[in-house]
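Engineer: The UniProt record's numbering puts the first residue of the sequence shown at 1, with every later residue one more than the last. Every residue gets a Cβ at the ideal spot worked out from N, C-alpha and C, and that includes glycine. Quantities reported herein were computed from a predicted structural model and do not represent experimental measurements.
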Amino acid sequence: MRAATITSSSLLLGLPPAIRRQIYLETALYGYAGNIPFERRDFYTLLFVCRTIYAELSHIIYSENSIIVQQFSREEGFRAVRNLTTVSTSALRSLTVHLNGALCCLDGCCGWSMGTYNNTACLKRGRKESHDKSCPMDKKVLEDWLRAMEYVTANVKPFSLELYLISDVHDHETALQIVRPIIEFAKFKRCVIRLCHDRNPALERLAEATAIRAIGGQQPSGSNPRHLSFLDLPREIRNQILQYTDLVTPMKEVMWNPKDGYCVCYCISTWDEMAESAFGTTSAISHSFKFRNCWANEPLGCFCRRFHAVSSSFSMCRCWSPPTSLFLVCHEVLDAARMIFFSNNRFIITSSNGPTAIAETTPERLEASVFLRDVVPFTSLRWLRSVELVFPPFEDDYLRATEPAYSNWLQTIDYMKSELNIPKMELHMHMADPETYGNTLVEGRAYRPKFTKEQSMTVIVMYVRLLNTFSPLLGFKRFTMHLALPWGWDQTGYHRPSRTHQLFEAHEKKRVHVQEFLGRRFLGEQSDPVSRDSNRESNSQWEELTWTKYEVCLS
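If you want it as structure tokens, here you go:
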């Protein structure tokens, strides 16, 4: 038996090093994709063949893969770390430790489950469902962690090891004990630390300080007399810097409704996802992928700063998150932040139930009135550059002249006349339709199944009534509108499943004709093609013909 082993190993060693390396990758290490949990042992037998094969294979294992200590096998994993030879330890290039993760993370956090997308995510519309996150640090686990780090830092080459640590705790004292060996070594190549499942300012500051110290850096000292602060810079430079912060959203769009407040909406297209992954395309939609859901393809765990107390010594997470802190620095930065926020994003105002939800009644106040009068600071109205007012689909009539919302809206228009910078502002008015493939029932009834000419004229009159309210604000830099066709949902309408391409084109031609006619009547001498959809620069995310996912709420 020994002779056969020697013969086999001799044959293997007789091959060129490049061929042997390929054999190792295709046999012993096949399927690991660069991440090896310590509890996996199916390649161990090859390590025992001979010293040469052991040296070659162990070098590949520890220098070209991320070694992972998983939470459910911490004791075994830390024991394996301490049992590494000094040569293997010095070859370590990436170590991932799931020391103490929140319970929901064990089955996939934020949609993450060992690098695969998990549809049963613990997040919904940017909010976490309630989970039991009580994971007290066991004393033995902490001791094993400290002993393992002591051994690794004593033998690893300086500035060669990348450390990824997940340790969800809730008290500052325990967190200090965990990061102590990292700070003491201070010679990591990279360091990414997550100290709490939830956003926690104190633990985030500790994680940031640790990540900086881990790579030998020093945090800037506020007592340094030569330290140049942000406010020492000229205003023009400060404003340029702020434009590269999260004050400007990835798609330059911010939605607002009375229920959710400020939120960001992304249109997720499977075609764009495939194009992005297969061809590296950079369409407008796929561009936003760089700034959200960093966990979707991350095999080492969720280190998303949007949801966790995380810090990194390099830009691992680029997800967009609410820039709340920029509004809390001081009055001078607050004013500049508001200017950048309101002048660089398109603001889309919808009803509380969403842009395509059918309204059964007119609210006491239009959502646009609430936004312009109560939400946007009085001094920031002049910075608004692009506003989209989305009026919900309705069945018979909306915003009647006898309703309180109408008189309130007229007061809002009169108020806005002197506060908005109208010549520099773009306004888009969108009369929305229900989702074509969604639920178009109103109290169990189909939406507009039979729509008479009289009912259609009531809708057209409502459009005219609403357009007339904008007369005092004429002079916009750009004014566009989209008007839903009143009879598009009846038995012959182009929204029905039985529609044909010819029927769609015929109804769309009617819709555009009505829209242009009302546009000329409203704009008068200013009538030009800007009222046509085809001349709009781009659709808003919610308008795209794919399903929509709402992301982070700002308020």
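1. On a Cα-Cα basis, can you pick out the residue from Tyr164, Arg305 and Phe522 that is closest to Ile182?
2. Is Ala175 near the ligand SAM, in the sense that its beta carbon is under 7 Å from a heavy atom of that ligand?
3. From Thr174, Val333, Lys252 and Asp138, pick the residue whose C-alpha is nearest to that of Gln541; which is it?
4. Please state the DSSP three-state secondary structure of Glu485.
5. For Arg346, count the other beta carbons within 10 Å of its own beta carbon; 16 or more makes it buried, fewer makes it exposed. Which is it?
6. Taking the C-alpha atoms as reference points, what is the distance between Phe48 and Ala55?
7. On the DSSP bridge list, what partners appear for Arg190?
8. Assess contact between the stretch 243-262 and the stretch 352-372, defined as three or more Cβ pairs (one per stretch) separated by less than 8 Å. Is contact present?
9. Buried or exposed: Met457, going by 16 or more other Cβ atoms within 10 Å of its Cβ?
10. What residue range is occupied by the uninterrupted alpha helix (DSSP H) comprising Asn155?
11. Have a look at the DSSP bridge pairing and note the partners of Ser167.
12. When burial is assigned at 16 or more other CB atoms within 10 Å of the CB, is Gln515 buried or exposed?
13. Quick check on DSSP: helix, strand or coil for Phe303?
14. Using a 10 Å radius around the Cβ and a threshold of 16 neighbouring Cβ atoms, would you call Arg194 buried or exposed?
15. Between Pro434, Gly77, Thr249 and Gly519, which lies nearest to Phe341 when the distance is taken from Cα to Cα?
16. Sorted by chain position, which residues of the same chain lie with C-beta nearer than 6 Å to Trp383's C-beta, five sequence neighbours on each side aside?
17. CA-CA distance, Gly216 and Thr153?
18. For a quick check, are the C-beta atoms of Leu518 and Phe479 less than 8 Å apart?
19. Suppose the cutoff is 8 Å on Cβ atoms and the five residues either side in sequence are ignored; what does the same chain contact list for Ala91 look like?
20. Identify whether residue 612 lies in helix, strand or coil by the three-state DSSP scheme.
21. Return the chain-ordered list of same chain residues with a C-beta closer than 8 Å to the C-beta of Leu473, the five sequence neighbours on each side being excluded.
22. Once the 5 residues before and after Tyr24 are set aside, which same chain residues still bring their CB inside 8 Å of it?
23. Where Val387 and Met429 are concerned, what is the direct C-alpha to C-alpha distance, given to the nearest angstrom?
24. With which residues is Trp256 paired in a DSSP beta bridge?
25. Would Cys191 and His308 be called neighbours here (beta carbons separated by less than 8 Å)?
Structural biologist: This is what the structure gives:
1. The residue labelled residue 182 in the question sits at position 182 within the sequence shown. Taking only the C-alpha atoms, the option nearest Ile182 is Tyr164.
2. No copy of the ligand SAM appears in this structure; indeed no ligand is present at all.
3. The sequence position of residue 541 within the sequence shown is 541, counting from 1. Nearest of Thr174, Val333, Lys252 and Asp138 to Gln541, Cα basis: Lys252.
4. Walking along the sequence shown from the start, residue 485 turns up at place 485. Residue identity differs from the one stated: residue 485 is Leu in this sequence, not Glu. In this structure, Leu485 counts as coil in the three-state DSSP scheme.
5. Looking up residue 346 in the sequence shown gives position 346. Buried, by the Cβ-count rule.
6. What you label residue 48 is simply residue 48 of the sequence shown in a count that begins at 1. What you label residue 55 is simply residue 55 of the sequence shown in a count that begins at 1. Going by the C-alpha atoms only, they are around 10 Å apart.
7. What you label residue 190 is simply residue 190 of the sequence shown in a count that begins at 1. Glu162.
8. yes
9. Counting from one through the sequence shown, the residue named residue 457 turns up at place 457. Exposed, because fewer than 16 other Cβ atoms sit within 10 Å of the Cβ of Met457.
10. Stepping through the sequence shown from its first residue, residue 155 is reached at position 155. Taken as a continuous stretch (DSSP letters only), the alpha helix (DSSP H) holding Asn155 covers Lys139 to Asn155.
11. Along the sequence shown, one-based indexing puts residue 167 at 167. In DSSP, Ser167 forms a bridge with Asn100.
12. Against the sequence shown, residue 515 aligns to sequence position 515. It is buried - the Cβ of Gln515 has at least 16 other Cβ atoms within 10 Å.
13. Locating residue 303 in the sequence shown gives position 303, where the first residue counts as 1. It is coil, neither helix nor strand.
14. Taking the first residue of the sequence shown as position 1, residue 194 is located at position 194. Label assigned to Arg194: buried.
15. Locating residue 341 in the sequence shown gives position 341, counting from the first residue. Per the Cα distances, Thr249.
16. Position 383 of the sequence shown, counted from the first residue, corresponds to residue 383. Taken in chain order, the residues that qualify are Met339, Phe342 and Ser343.
17. Here the question's residue 216 lines up with position 216 in the sequence shown. Here the question's residue 153 lines up with position 153 in the sequence shown. Roughly 14 Å separates the two Cα atoms.
18. As a working mapping, residue 518 is identified with position 518 in the sequence shown. As a working mapping, residue 479 is identified with position 479 in the sequence shown. Contact: no.
19. Position 91 of the sequence shown, counted from the first residue, corresponds to residue 91. Counting only Cβ-Cβ distances below 8 Å, and skipping sequence neighbours, we find Ser58, His59, Tyr62 and Ser63.
20. No statement about residue 612 is possible, as the shown extent of the chain runs from 1 to 555 and does not include it.
21. Counting from one through the sequence shown, the residue named residue 473 turns up at place 473. If we look at Leu473 and ignore the five residues flanking it on each side, its Cβ neighbours are Ile413, Met416, Lys417, Leu420, Ile422 and Leu427.
22. On the sequence shown, residue 24 is found 24 positions in, with the first residue counted as 1. Answer for Tyr24: Leu46, Glu56, Leu57 and Ile60, listed in chain order.
23. Sequence index remark: in the sequence shown, residue 387 carries index 387 (1-based). Sequence index remark: in the sequence shown, residue 429 carries index 429 (1-based). Each residue's alpha carbon lies about 9 Å from the other.
24. As a first step, residue 256 must be located in the sequence shown, where it is residue number 256. Bridge partners of Trp256: Tyr262 and Ile349.
25. As a first step, residue 191 must be located in the sequence shown, where it is residue number 191. As a first step, residue 308 must be located in the sequence shown, where it is residue number 308. Going by C-beta atoms, Cys191 is not nearer than 8 Å to His308.
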